[in-house]
Structures are given as structure tokens and as C-alpha cells.
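**Student:** I have a structure I would like to understand better, so I am pasting it below and will then ask my questions one at a time.
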Amino acid sequence: MVVFSGEHDLATKREVSELLDSLVRWDTLIVADFSSAVFVDTSILRVLLDTSKQARELGKVLRLQLGTAAIVRRAFEIVGVFEVIEHVATREEALVRGGQ
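Sequential numbering of the sequence shown, starting at 3, is according to this note's numbering.
Spelled out as C-alpha cells, the structure:
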């Protein structure tokens, strides 16, 4: 599980990409918690979509945890991230459903 807080955009894209890439290589379930994020841009959303594709190809799961600022949720909705990546509201739900 990785927790994202504050703002994530082109300035943090490389760091986010490298972190998620590392997690996909080592874990079968990757939970990206955006509950504390206040802003994300399309570069981060693209990283998440790419990571989700990579995870699926390896038989792994990337799951989003959102209980966050409306602007962050709206960005995910507009880009269509929820159509591709499963999302849940709580950490407990993200982890309990890990075997599904």
C-alpha cells in the first residue's frame, strides 16, 4: 500500500511511476490510497492507468482507495479511471477484498 497526500502532477510523475513500478514487481495487490490527495493531474492518472495495465498483464491487481477531495474524485471520473481500475472507499475494504 502506498499513500499519496498533497498534490501530484507532472513534478511528481517520475517518482510516482518508479514507486508503482517497483510495487507491481514485488506485490500481487497494490493499493494506491489517494484519500489525502488534494490534487492530481492527467500525468498521474496516465501513470495509474499504465500501472493497472502492467499489473493485469502480470496477473496482479492495482486498486485505488478514494475518500478524498471532490476535485480529485472528479479528475478520476472525467478521465475514465474508474472504468478501468477498481476503487474503494476505505483501507479495510481495499485489503479485505484483496483476494478477489
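Beta carbons are placed, not taken as given, at the ideal position from N, Cα and C, and that holds for glycine. No experiment lies behind these values; they were computed from the predicted model shown.
Could you check what DSSP says for L68 in three-state terms: helix, strand or coil?
**Tutor:** It is coil, neither helix nor strand.
**Student:** Can you tell me whether DSSP reads A34 as helix, strand or coil?
**Tutor:** Here A34 sits in strand by DSSP.
**Student:** Quick check: the stretch 6-24 against the stretch 32-49, are there 3 or more CB pairs under 8 Å?
**Tutor:** The stretch 6-24 is in contact with the stretch 32-49.
**Student:** Can you say whether F84 is buried or exposed, counting buried as having 16 or more other CB atoms within 10 angstroms of its CB?
**Tutor:** Exposed, because fewer than 16 other Cβ atoms sit within 10 Å of the Cβ of F84.
**Student:** List the endpoints of the continuous beta strand (DSSP E) containing G8.
**Tutor:** Where G8 is concerned, the enclosing beta strand (DSSP E) stretches over V4 to H10.
**Student:** With C-beta atoms as the reference, is D2 less than 7 Å away from D11?
**Tutor:** Coverage of the chain is limited to positions 3 through 102, which leaves residue 2 absent and any answer about it impossible.
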